Amino acid sequence: MVDPITVLDAFFSGYLECDLSRVTPGRVWVIPSDRREMTELHYSSPFALWLLTSGNRCVASVQRNLEPVITRVVNHLRPGEVRDITGQRRLLEAVAAGLRLPRGLSASSGPVFFCTRRSFRRRDIHPCRRVQPADITALSAAGLYDSSLDSSIAAGTCFVALDGASPVSLAGTREVPHLADKVADMFVPGTIAARRREGFGQTAVSAATAAVLDSGRIPLYTTSDHNPASILTAQAVGYSQYGWQFRVELVSPD
Numbered sequence: 000m001v002d003p004i005t006v007l008d009a010f011f012s013g014y015l016e017c018d019l020s021r022v023t024p025g026r027v028w029v030i031p032s033d034r035r036e037m038t039e040l041h042y043s044s045p046f047a048l049w050l051l052t053s054g055n056r057c058v059a060s061v062q063r064n065l066e067p068v069i070t071r072v073v074n075h076l077r078p079g080e081v082r083d084i085t086g087q088r089r090l091l092e093a094v095a096a097g098l099r100l101p102r103g104l105s106a107s108s109g110p111v112f113f114c115t116r117r118s119f120r121r122r123d124i125h126p127c128r129r130v131q132p133a134d135i136t137a138l139s140a141a142g143l144y145d146s147s148l149d150s151s152i153a154a155g156t157c158f159v160a161l162d163g164a165s166p167v168s169l170a171g172t173r174e175v176p177h178l179a180d181k182v183a184d185m186f187v188p189g190t191i192a193a194r195r196r197e198g199f200g201q202t203a204v205s206a207a208t209a210a211v212l213d214s215g216r217i218p219l220y221t222t223s224d225h226n227p228a229s230i231l232t233a234q235a236v237g238y239s240q241y242g243w244q245f246r247v248e249l250v251s252p253d
């Protein structure tokens, strides 16, 4: 059986331009990366800093000109301290100072989950079915459709939870730039506001996760520290935490 941690290490190594399997535990590695100048798939601007912790390992992939200033900050932080509010603020301030951008930065943080056949818990709380192209109009009207799900709809990994004939919650996958045969990036547009906390999200995520597992891939579920409902949904379906990430995106001016 393939070790999911080994696969996910390889997956995130591609983003960070650092071999996570060689990272020494107990300290923060700062890696200058040309990829931090690029815009990642599904995003509109580059991440000047992408920090990932997994186990007792921590890597901060940064734009090359940020290496000195970020190194000075992390030299005074233990891996666990980058996750608290003070650590995040210091990293964001260091990026702003290093790039001379007091504005135009957006920071986000949150857990990274994965699921296996052994940990998976089916949550058939509501009726749910596979999304077809003909459903896109109704999903758009409900505010659930996102064009990045088109490949998931075509592949049969996108599912909608229903109240009668009405779409309530949607979950599927988005394309990834590497290891697409091994990892699937779960994408959950959400649940319509009037029907949240009723299990519709768990139903849709459960069905989409099952389809990904049946395809032989590892479902990867990333969310925000500020979205407890999303975290609870992942945990209810049987996702375990692989790590945590903090990213600083360069925001394009309007």
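Quick note on numbering that gives the first Met the number 0: the sequence shown kicks off at 0 and runs consecutively. All residues carry an ideal CB built from backbone N, CA and C; glycine is no exception. Here the structure is a predicted model, which is why all the values come from computation and not from measurement.
**CA-to-CA distance, Cys57 to Asp8, given in whole angstroms** = 12 angstroms
**Asked** Quick one: what's got a C-beta closer than 6 angstroms to Tyr14's C-beta in the same chain, skipping five residues either side?
**Response** Counting only Cβ-Cβ distances below 6 angstroms, and skipping sequence neighbours, we find nothing.
**Request:** Compute the Euclidean distance between the alpha carbons of Asn64 and Ala96, then round it to the nearest angstrom.
**Result:** Spanning the alpha carbons of Asn64 and Ala96 requires a straight line of approximately 11 angstroms.
**Item:** Residue span of the beta strand (DSSP E) that contains Arg88, given as start and end
**Value:** Careful: Arg88 lies outside any beta strand (DSSP E), inside the alpha helix (DSSP H) at Ile84 to Leu98.
**Request:** Kindly list the residues whose CB is nearer than 7 angstroms to the CB of His41, restricted to its own chain and excluding five residues on each side of it in sequence; keep chain order.
**Result:** Counting only Cβ-Cβ distances below 7 angstroms, and skipping sequence neighbours, we find Ser147 and Arg173.
**Message:** Check whether the segment 195–215 and the segment 155–163 are in contact - that is, three or more C-beta pairs closer than 8 angstroms.
**Reply:** yes
**Message:** According to DSSP, is Ile124 part of a helix, a strand, or is it coil?
**Reply:** coil
**contact_flag[the segment 235–242, the segment 119–133] where n(CB pairs < 8 angstroms) is 3 or more** = Inter-segment contact for the segment 235–242 and the segment 119–133 is present: three or more beta-carbon pairs are separated by less than 8 angstroms.
**Request:** Classify Pro218 as buried or exposed, calling it buried when 16 or more other Cβ atoms lie within 10 Å of its own Cβ.
**Result:** buried
**Request:** Tell me, please, which residues DSSP counts as bridged to Gly242.
**Result:** Answer by DSSP bridge pairing, in chain order: Val111.
**Asked** Measuring CA to CA, which of Leu100, Phe245 and Leu169 is closest to Ile135?
**Response** Leu169
**Prompt:** Nearest to Val187 by alpha carbon, out of Val175, Pro176 and Ala203?
**Reply:** Ala203
**Extent of the continuous beta strand (DSSP E) to which Leu138 belongs** = Premise fails: Leu138 lies in the alpha helix (DSSP H), Ile135 to Ala140, not in any beta strand (DSSP E).
**Request:** With a threshold of 16 other CB atoms inside 10 Å of the CB of Ala133, please say whether the residue is buried or exposed.
**Result:** Exposed, since its Cβ has fewer than 16 Cβ neighbours within 10 Å.
**Own chain, CB closer than 6 angstroms to Gly103, minus 5 neighbours either side, in chain order** = Val250
**Item:** Pairwise C-alpha distance: Glu248 and Thr232
**Value:** 26 angstroms
**Asked** Under 8 angstroms between the Cβ atoms of Val159 and Arg194?
**Response** At a Cβ-Cβ threshold of 8 angstroms, Val159 and Arg194 do not count as neighbours.
**Item:** DSSP-derived helix/strand/coil call for Thr202
**Value:** helix
**Item:** Cβ neighbour criterion (16 or more within 10 Å) applied to Pro176
**Value:** Classification of Pro176: exposed, given that the 10 Å Cβ count is below 16.
**Asked** Between the C-alpha atoms of Arg196 and Val22, what's the straight-line distance to the nearest angstrom?
**Response** 40 angstroms
**Prompt:** Going straight from the alpha carbon of Ala106 to that of Pro227, what length do you get?
**Reply:** 18 angstroms
**Request:** Starting from Arg71, trace the alpha helix (DSSP H) both ways and give me its first and last residue.
**Result:** Glu66 to Val73
**Asked** From Asp180 to Phe112, what distance separates their C-alpha atoms?
**Response** 18 angstroms
**Arg56, DSSP secondary structure in three states** = strand
**Asked** Using a Cβ-Cβ cut-off of 6 angstroms (strictly less than) and excluding sequence neighbours within five positions of Ser151, which residues of its own chain qualify?
**Response** Cys157, Gly171 and Thr172, listed in sequence order.
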